[in-house]
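Asks: Please read through the structure below; I'll follow up with questions.
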Amino acid sequence: MIAFEVKDMTCGHCVSTITRAVQAADPQATVRIDLATHRVDIVPGQADVATLSHALEEAGFTPVAL
């Protein structure tokens, strides 16, 4: 599992944007998001940490790998 802290994820729209960004980068990935703790857990299909981090950055967020 790959985990990120995304402090600038603040609402349900952010959650859906992050989910779409991860799915676009890795269609087989499973995404679990806890908005209250700003945590994004990803079980990747094929993507690595750098690819997923870049996808979140391109979506306008600042992920920090945990």
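For the record, in the sequence shown the residue sitting at position 51 is 51 according to the working numbering, with numbers rising by one throughout. For glycine and all other residues, C-beta sits at the position ideal for the given N, C-alpha and C. Being a predicted model, the structure only gives us computed values, none of them experimental.
1. Looking at C-alpha atoms only, which residue of GLY60, ALA55, PRO63 and ALA65 is the closest neighbour of ALA24?
2. Determine whether the beta carbon atoms of ASP41 and ALA3 lie at a separation below 7 angstroms.
3. For PRO27, is the classification buried or exposed, using 16 other Cβ atoms within 10 angstroms of its Cβ as the cut-off for buried?
4. Kindly provide the ranges of any beta strand (DSSP E) runs that are 3 or more residues long and lie completely inside the segment 14-40, ordered along the chain.
5. Let me know the secondary structure DSSP gives ALA47 once reduced to three states.
Replies: Straight from the coordinates:
1. ALA55
2. yes
3. exposed
4. 30-34
5. coil
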